[in-house]
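Chemist:
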Amino acid sequence: MDKGLTLDRVAIFRNGTPLVAFDRHIAPGEVVSVMGPSGIGKSTLLSVVTGTLPPAFTFTGRILLDGRDVTHTAPHRRMVGILFQDDLLFPHLSVGANLAFGLRPGGSPAERRDRIAKALVDVDLAGFENRDPGTLSGGQKARVALMRMLLADPCALLLDEAFSRLDTALRAQVRALVFARARDRALPVLMVTHDAEDAAAAGGDIVNLGM
Amino acid sequence: MKNRLLPVVPALTLVAMLGPVVAGLYGTILPAFGHLPAAGLRGPNLDAFRALLAWPGLSRSVTLSLTTGLGTTVVALALVMLLVAGWSGTRAFRLLERLLSPLLSVPHAAAAFGLAFLIAPSGWIARALSPALTGWTNPPDWLIVQDPLGLTMIGGLVVKEMPFLLLMTLAALGQTDAARARQIAAALGYGRTTGWLKTVFPRVYAQIRLPVYVVLAYGMSVVDVALILGPNTPPPLSVQIVRWMGEPDFTARLLAASAALLQLALVVGALLVWRLSEVLVARVGRLWIETGHRGTCDGPVRAVALTAGTVAALSVLLGLAVLAVWSFAGYWGFPDALPDAFSLKSWIRHGHGVLAALAETALIAGIVTMAALVLTIGCLEAEYRHRRTLTQRGLWLLYLPLLVPQTAFLPGLQGLLLNFGADVGRGPVMLAHLVFVLPYVFLSLADPFRAWDARTGTVAAALGASPDGVLWRVRLPMLLRPILTAVAVGLSVSVGQYLPTLLIGGGRVATLTTEAVALSSGGDRRAIAVFGLMQTGAALLPFALALLVPALAWRNRKGLQHG
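These protein sequences, in sequence, are chains E and V. For the first sequence, position 170 (counting from the first letter as 1) is numbered 170 according to UniProt numbering, and the numbering increases by one without interruption. For the second sequence, position 246 (counting from the first letter as 1) is numbered 246 according to UniProt numbering, and the numbering increases by one without interruption.
#1: Between T17(E) and chain V, is any beta-carbon pair separated by less than 8 Å?
#2: Please say whether G36(E) and N208(E) have beta carbons closer to each other than 8 Å?
#3: L413(V) and G34(V): beta carbons closer than 8 Å?
#4: Give the single residue among V31(E), A97(E), P55(E) and V34(E) whose Cα lies nearest to the Cα of G16(E).
#5: With distances taken from CA atoms, which of I228(V), G150(V) and T361(V) is nearest residue 565(V)?
#6: Starting from A341(V), follow the beta strand (DSSP E) in both directions and report where the run begins and ends.
#7: Rounded to whole angstroms, what's the CA-CA distance from M162(V) to R286(V)? Just pull it up for me.
#8: Please determine, among T296(V), G469(V), I348(V) and V223(V), the residue with the shortest C-alpha to C-alpha distance to T514(V).
#9: Determine the direct distance from the alpha carbon of P500(V) to that of residue 567(V), and round the result to whole angstroms.
#10: Figure out for me which residue from G299(V), L262(V), L210(V) and S343(V) has the closest Cα to the Cα of E278(V).
#11: Check distances from the C-beta atoms of the region 28-60 of chain E to those of chain V and list, in chain order, the residues that come in under 7 Å.
#12: Taking the C-alpha atoms as reference points, what is the distance between L99(E) and A156(E)?
#13: Along the beta strand (DSSP E) that carries N208(E), what are the first and last residues, could you check?
#14: Chain V partners of L170(E), CB-CB under 7 Å?
#15: For I154(V), collect the residues of the same chain with a Cβ closer than 6 Å to its Cβ; drop the 5 residues on either side in sequence, then sort them by chain order.
#16: Could you compute how far the alpha carbon of G351(V) sits from the alpha carbon of G269(V)?
#17: Quick one: what does DSSP say I40(E) is sitting in, helix, strand or coil?
#18: Closer than 8 Å by beta-carbon distance: list the chain E residues that pair up with R387(V), in chain order.
#19: Go ahead and pull the three-state DSSP assignment for D468(V).
#20: Going straight from the alpha carbon of K3(E) to that of M149(E), what length do you get?
#21: If you draw a straight line from the C-alpha of F84(E) to the C-alpha of L170(E), how long is it?
#22: What residue range is occupied by the uninterrupted beta strand (DSSP E) comprising I144(V)?
#23: With a floor of 4 residues, list each alpha helix (DSSP H) that falls wholly inside the region 185-253 of chain V, ordered by position along the chain.
#24: For H386(V), is the classification buried or exposed, using 16 other Cβ atoms within 10 angstroms of its Cβ as the cut-off for buried?
#25: Could you tell me which residues DSSP pairs with S33(E) in its beta bridges?
#26: Is any beta-carbon of chain V found at less than 8 Å from that of L88(E)?
#27: With DSSP run on the structure shown, which of helix, strand or coil describes P18(E)?
#28: Apart from the five residues just before and just after A533(V), which ones in its own chain have a Cβ nearer than 7 Å to its Cβ?
#29: Is any beta-carbon of chain E found at less than 8 Å from that of G394(V)?
#30: When you compare only the Cα positions, how much space is there between residue 565(V) and G309(V)?
#31: On the DSSP letters alone, give me the boundaries of the alpha helix (DSSP H) that V21(V) sits inside.
#32: Classify F531(V) as helix, strand or coil using the three-state DSSP reduction.
#33: Applying a beta-carbon distance threshold of less than 9 Å, which residues of chain V neighbour G139(E)?
#34: Check whether chain E comes within 8 Å of V15(V), counting only Cβ atoms and requiring the distance to be less than that.
#35: Give the single residue among R24(E), S33(E), L5(E) and P28(E) whose Cα lies nearest to the Cα of G203(E).
#36: Please list, in chain order, the residues of the region 171-198 of chain E that have any C-beta partner in chain V closer than 8 Å.
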């Protein structure tokens, strides 16, 4: 019960009115999909986990990560990874520097370069270190964003409509890659989506909000 | 360290911006009521006001302040609105838009000199038309510049305030869905201008109300443009206040203080009248909308608006050109269109003085702008981290230093500084400049800073970057272009400051602007041209760099090239 991501009786309120309630443990390697129409508070639920809840909202309950209570931890100390529908690569940094931003500090410069090169090989982007992220295709950007997140060694992964900007063929490919990498590392994954296909491909439990 | 400082930055900013204004007003009120302990005078009494009322030039001075301020605002606002209504989205409009930044950064004094050199009886226009069309072999004896009604002064202010109002309008248009409103109006059979005025103008005006008030307050109390283009017997009230401040005896100082309070009352009164007129215009406008008139004279109105916009832009640009010609002119007799010879003589003669003034100008502008930038980023970052956005009331505070006339609080501030034994000079001048630079830097940077996608910050934090790390490593680099633009705005505002430099510097801080304006009474056109051009260059160069540096720094970064 200790390992994994737990949303312990989380209830979110908008200006005092109840919006979403969620109570669930996600085991390492498990994917839980949250579905529901837009505006129901799916993304708001994720912002409670990352610690970036907008000021109009309040919440009760606790967030536990591998047994640690992170409910009031600063966002950058939670070790919770998140992917949005946009890649949000930093436009002023090269692909390699984006990955170096994610990679935890430590190791010699050569070792760090090596890990970044390996990460790029891992997603079929060998030799892309010096490329401008603005020149990559949508699928390439999505893969760089995934590796950047994984290099930060997160303890859980959140997916906020992460595949909805990709076209159908690419989408299945990127989705399979993300789930495979998450399973390899035994990450608990919480995905919000409005696409039943995403949820089906995840193969885990599906929670419907607002129905 | 930074984290502990950050929460106090907004308070510090308010003090830096409003402290001198409040202190200056306090320092004006005391001597206005006869209280000036330094001179052994104890109040309160109304002697200064009685003396002011007894001054024979008072009613003319007051009238001039009102007509120049209201005239400038009405004309500039009307022309900008008609220009945007009739032409936004066209090729001609895009050309004017491209001229906007350079026009905006030309200092008021330089633009005023350029205009004077163009339209004076011995100016470039008269020379170009003589003797072929006019038959003049000597300049006619007409009082065009410094005319008693202040019309030339209004013209000089209008050509400089139009770019400012246009910029504010363009920023407001982005939030008003103007393009679709125009399409709907056109589909319903409305002419371009009429449709815009009936659908978009009310929304745009609500957004540019405060900038319009700034133009009104500025036009009523400006000093440097009034010295160059305005009438002088008697001059507008603000110029008379500065004259009294410059006189050695203390009764003149009391007179100046009482006149400064009168100036403040005039501006407040004019703003109230303007506010009431807004209500009236809105009511008339609603009646006009209800008539359903589709607009019949849109064509001529469009033509007038474009002509006026072109004339305004040309008078600044040609003014700079004539300054350039004068600065290199050898002998230039009337009515020759160009000098007999060009030489570097004027530049060499004034080279030393110009460089010294440039160094002083750059030092003050650089330090003041950096301070303003640090405070602004501190405020915006504190707002972001503590998730508190500026309220409408906060916005008023930001505009307050621009609405209180300079002539109302700077004399008092100078008096206070002298009372406390604080030496007038460069340091106090910088603090006074900061009052005016801060709001402009803040207004320039606030929108781009807030428009930054907060999810980028969430991702960076998820990658383990601390709040400071997100700011320094992600947010500021991504915002390089707007930050440099804000710096350029700050520098050009500081370069253009006349009255704070003159009064708080006690006449001992010589910047390009104070030197250029001081030359205006002498009539040495070559010297004026050299200083005016340098002043323009000092304000313009930072804008060029603000375009160039990001283009070079991010030349390999596609995502940042169209900011």
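The C-beta atom is built at its ideal place from N, Cα and C for all residues, glycine as well.
Modeler: So, from the data block:
#1: Under the 8 Å criterion on CB atoms, T17(E) is classed as non-interfacial with respect to chain V.
#2: yes
#3: In this structure, G34(V) does not lie closer than 8 Å to L413(V) by Cβ.
#4: P55(E)
#5: As displayed, chain V neither begins before 1 nor continues past 563, which places residue 565(V) out of reach and without an answer.
#6: Per DSSP, A341(V) belongs to no beta strand (DSSP E) and is neither H nor E.
#7: 26 Å
#8: V223(V)
#9: No statement about residue 567(V) is possible, as the shown extent of chain V runs from 1 to 563 and does not include it.
#10: If you compare the alpha carbons of G299(V), L262(V), L210(V) and S343(V) with that of E278(V), the shortest gap goes to L210(V).
#11: T50, T52 and P55
#12: 18 Å
#13: I206 to N208
#14: In chain order: nothing, as chain V lies at least about 20 Å away.
#15: T68, G71 and T72
#16: 46 Å
#17: coil
#18: Within 8 Å Cβ-Cβ: P54 and P55.
#19: Helix at D468(V).
#20: 20 Å
#21: One Cα belongs to F84(E), the other to L170(E), and the distance between them is close to 16 Å.
#22: Run containing I144(V): none; DSSP gives neither H nor E here.
#23: Along the length of the region 185-253 of chain V, whole alpha helix (DSSP H) runs at least 4 residues long occupy 192-199, 201-221, 224-229 and 237-246, reported in chain order.
#24: exposed
#25: M191(E) and I206(E)
#26: yes
#27: strand
#28: Note on residue identity: the sequence assigns Leu, not Ala, to residue 533(V). L323, A324 and S327, listed in sequence order.
#29: no
#30: Outside the displayed span of chain V (1 to 563) sits residue 565(V), for which this structure offers no information.
#31: V9 to A32
#32: DSSP places F531(V) in helix when its eight states are reduced to three.
#33: Under the 9 Å cutoff, chain V gives no residues; its nearest Cβ is about 17 Å from G139(E).
#34: no
#35: S33(E)
#36: Result list empty, no residue passes.
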